[in-house]
Each structure stands twice: as C-alpha cells, then as structure tokens.
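Worksheet: the structure to be examined is printed underneath.
Numbering (this note's numbering), first residue to last: 690 to 985.
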C-alpha cells in the first residue's frame with residue numbers, strides 16, 4: 690500500500706485571524722516555476738515542525754519561505770528557513786517517519802499574535818477530538834486551489850480496528866500515526882494541508898481528559914516577573930501533524946471526506962527523540978505551558 694499525499698481541509702470553516710498563533714504557512718519552491726504549499730507548527734521561537742514529505746524535494750533552505758501569526762497569508766509575519774532536517778529514516782514511498790524540523794533564520798517574538806505551542810506527550814484515546822487546520826484546497830474539484838485564509842475542522846480519533854483495515858501495519862493511535870475518521874459530516878484534511886498541526890483543546894474535552902494535563906486548560910494565571918505581569922495563554926497542545934489519507938480501496942487519489950476514508954497524522958510524542966535532537970530542546974521545554982506578557 691502506497692499512501693496518497695492528498696491533504697486538504699474539507700467540511701471546515703475559515704479560522705479567525707489569531708485563533709492559532711502557532712500555525713505556520715510554508716511555501717516551498719521545488720522548481721523555478723512551481724511551489725508547494727504545506728503547513729507547520731511553531732514549537733520554539735526558532736523551530737518549526739512539519740511533514741518530511743513537504744521538504745523532500747526542496748533544493749535548499751533558501752527555497753523554504755514561512756508565514757506566521759495570522760490565518761490570512763497576506764497578513765503574516767514572514768521568515769526564511771536557515772536549515773531543515775528530515776527524519777533520517779523517512780521513506781517517501783510509505784511515508785513512515787514523516788516528520789521534519791525547520792530552523793528559522795531569525796527568532797519569532799513570542800506575543801499574542803504569534804507564539805509557540807506546547808507538545809502533548811500523553812496517550813491518545815479513541816474518540817478523542819482534535820482540531821486540524823491549514824491553507825489547502827477545500828473541495829475535490831479538479832481546478833481547486835489552495836486558499837488565502839486558513840480553514841479549520843474538528844476531527845475524531847477513529848477506532849484502531851477500523852484504521853487497521855485500511856493500513857494493516859496500524860495498531861494504535863499511540864504509535865507512529867494518529868488515525869482520524871471523516872465522520873460525521875465528511876470532514877477531512879487533504880492537499881496543501883500536509884505538515885499542518887492537529888491539536889487538542891481541552892476547553893471542550895471531557896473532565897477526565899483534562900486531568901491528563903499537568904496544567905488546567907484555559908487556566909489563566911497572573912504573576913509578576915521582573916515587575917511585569919504575565920499571562921498563561923489558552924492551553925492548546927500539539928498532538929500530531931497531517932501526513933496522508935487513504936481508504937479501503939487504496940485509491941491513488943482518494944476523495945477527501947470519503948465516508949470510507951481515514952486520515953493518518955504523524956504522532957508527535959512518538960518522535961520525541963528526533964525532535965529533541967534536531968532542536969536541542971528538552972522534553973520539559975517542549976511541553977512547558979506558554980506564558981506571555983500582558984498587553985499594555
């Protein structure tokens with residue numbers, strides 16, 4: 690089975706301008722007359738996590754342009770890649786180990802418009818709700834194009850037994866991939882959304898799920914540091930990144946939102962060792978809650 694690279698948000702809605710300050714728009718010039726669009730996630734002031742297949746054909750870091758801090762591409766803070774590292778065991782055919790780290794040429798200031806997101810290292814359960822987002826095309830039309838404003842959609846972690854029917858190597862969403870269903874409502878992510886974040890927002894999660902986190906979701910704490918009050922932002926956590934979609938027929942280009950289809954996203958926690966080695970950050974730094982200076 691060869692996974693399809695078809696990835697776009699289908700069945701979602703446009704995201705508010707600053708709903709996801711950690712989401713990153715990637716434009717990769719793979720040829721002088723053509724560029725690819727992907728998503729990524731800011732996990733430190735200088736590091737982006739994205740899908741390895743997005744960068745596989747990038748000729749150099751200079752070919753990778755990034756936009757951060759707004760759902761509208763034209764209003765984003767722009768950055769350039771300094772270096773990038775694909776997982777050393779990434780396989781472009783099977784999409785195993787589909788993860789990469791980009792180091793930015795200049796750090797991003799952490800504020801309410803753009804900031805990092807903590808990584809979630811806990812277990813992922815069937816039925817867990819995740820939110821995914823991106824600038825990919827929003828329909829299965831042949832002439833569909835990527836969109837200038839981010840779309841987002843809520844998906845549900847699917848039963849492992851159903852995902853196993855599509856991919857016999859899949860056994861659990863606590864392995865290398867997280868598997869999500871297109872149901873209800875034929876919601877999905879596909880072309881142009883590869884590498885984009887899938888997050889857990891515990892403000893809408895059951896109480897027992899909230900207890901998995903050391904800090905309460907949507908918990909706002911005030912304290913003084915160097916004479917300035919700071920504020921903990923809404924506690925969204927990065928759990929996965931969009932990788933590929935497939936269905937029971939293993940169509941070469943499965944339609945997005947296919948009732949028989951599933952989305953497979955790279956499970957961030959599974960790749961803790963690669964991420965810490967590529968970024969130089971510890972697990973504690975990656976999962977530390979975000980706190981920002983209060984607006985004056």
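For every residue, glycine included, the Cβ atom is placed at its ideal position computed from N, Cα and C.
Taking a C-beta distance under 8 Å as the contact criterion, residue 789 and residue 774 qualify as a contact pair. In the structure shown, the three-state DSSP call for residue 853 is helix. Taking C-beta separations shorter than 6 Å and ignoring five residues to either side along the sequence, the partners of residue 862 in its chain run 813, 846 and 868, following chain order.
Shortest Cα-Cα distance from residue 957 to any of 853, 951, 889 and 923 involves 889.
With respect to residue 935, residue 856 sits close: the two C-beta atoms are nearer than 8 Å. In the DSSP annotation of this structure, the continuous segment of the alpha helix (DSSP H) that includes residue 966 starts and ends at 961-968. Of all alpha-carbon atoms in 966, 711, 960 and 734, the one lying nearest the alpha-carbon of residue 796 is that of 734.
Residue 782 has no beta-bridge partner at all, per DSSP. The beta-carbon distance between residue 768 and residue 784, rounded to whole angstroms, is 26 Å. This is too long to meet the 8 Å contact definition. Around the beta carbon of residue 824, a 10 Å sphere encloses 16 or more other beta carbons of the protein chains shown; the residue is thus reported as buried. Look at residue 733 here: in three-state DSSP terms it is strand. Looking at the DSSP output, residue 864 bridges to nothing. In the DSSP annotation of this structure, the continuous segment of the beta strand (DSSP E) that includes residue 887 starts and ends at 886-890.
The DSSP-derived three-state label of residue 973 is helix. Take residue 799, set aside five residues on each side of it, and the residues of its chain with a beta-carbon closer than 8 Å to its own are 734, 805, 979 and 981, in chain order.
For residue 822, the pairing in a beta bridge is given by DSSP as 841.
Distance from the CA atom of residue 737 to the CA atom of residue 721, rounded to whole angstroms, is 24 Å.
Under the DSSP assignment, residue 742 falls in the alpha helix (DSSP H) whose first and last residues are 741-744. The continuous beta strand (DSSP E) containing residue 950 extends over residues 950-956. Shown here for residue 776: same chain residues with a beta carbon closer than 6 Å to its own, the five before and five after excluded, namely 741, 786, 788 and 963 in chain order. Residue nearest to residue 871 within the set 818, 791 and 883 is 818 (criterion: CA-CA distance).
Annotation for residue 792: the continuous beta strand (DSSP E) segment containing it runs 789-793.
Beta-bridge pairing by DSSP links residue 716 to 726 and 754.
DSSP lists 950 as the bridge partner or partners of residue 936.
Per DSSP, residue 817 is not a residue of any beta strand (DSSP E), being assigned neither H nor E. Taking 8 Å as the cut-off, the Cβ atoms of residue 739 and residue 884 count as close. Annotation: residue 928 to residue 723 spans about 31 Å, alpha carbon to alpha carbon. Residue 747: not part of any beta strand (DSSP E); DSSP gives it neither H nor E.
In this structure, the alpha-carbon of residue 781 lies about 15 Å from that of residue 953. For residue 770, the enclosing beta strand (DSSP E) covers residues 766-775.
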